[in-house]
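Here's the structure we're looking at; comments come further down.
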Amino acid sequence: MENYVEKVYAVTRRIPRGRVTTYGAIADYLALGSARMVGWALYQSIGVANVPAHRVVNRRGELTGRLHFPTPTMMQQLLESEGVRVTNNRVVDFERHFWHPAQAEE
DNA sequence: AAGGTGACAGGGT
DNA sequence: TACCCTGCCACCT
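What follows is the structure, given as structure tokens:
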């Protein structure tokens with residue numbers, strides 16, 4: 037791995053379809069920097085292929101990064117297309133969809 | 001060089 | 001759950 041950003045991309049790509057995780061979980065798993073750094077790294081991911089940034093939300097399950105997508109509704113739309121319901125910019129049953137990088141992927 | 005900013009989190013109230 | 005405050009750390013003026 038070259039840098040912090042690449043590591044964040046790698047972890048983000050491992051998030052299973054239909055699942056979500058948090059900035060803090062990624063930062064914790066990488067044991068590097070803080071959650072803010074993860075947010076910054078994902079901001080860099082705009083335009084990078086195969087980085088499902090829409091599966092990363094904040095600790096409350098809110099789609100705080102939606103305004104950074106090409107369109108403000110894309111993030112929610114992508115999640116719903118994977119079976120994750122979103123209401124008022126928040127993931128419904130967030131805890132049920134939560135996935136931690138440390139747990140085995142399915 | 002110093003201070004402001006931000007796709008955040010955790011703890012207290 | 002929500003709101004507020006503080007810690008966080010790379011980047012950009």
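All residue numbers for the first sequence refer to my numbering, where the first residue is 37 and numbers rise by one. Glycine included, every Cβ here is placed at the ideal spot set by N, Cα and C.
Task: N125 CB to nearest heavy atom of the ligand ADP below 7 Å - done: Of ligands this structure carries none, so the ligand ADP is not represented either.
Open item on the list: Taking DSSP's pairing of strands, which residues face E98 in a bridge?
Closed with: R126
TODO: State the DSSP-derived secondary structure class of V58, mapped to helix, strand or coil.
DONE: One point to set straight first is that residue 58 is Thr, not Val, in the sequence displayed. The answer is strand: DSSP assigns T58 an E or B state.
Task: DSSP-derived helix/strand/coil call for V41 - done: Note: V41 maps to helix in three-state DSSP.
- [ ] Tell me, please, whether the stretch 89 to 103 touches the stretch 54 to 64 by the rule of three or more beta-carbon pairs shorter than 8 Å.
- [x] yes
- [ ] Could you please give me the residues that DSSP links to F105 through a beta bridge?
- [x] Beta bridge pairing from DSSP links F105 with no other residue.
TODO: For R53, I'd like the list of residues in its chain whose CB is within less than 7 Å of its CB, leaving aside the five on either flank, ordered along the chain.
DONE: E118
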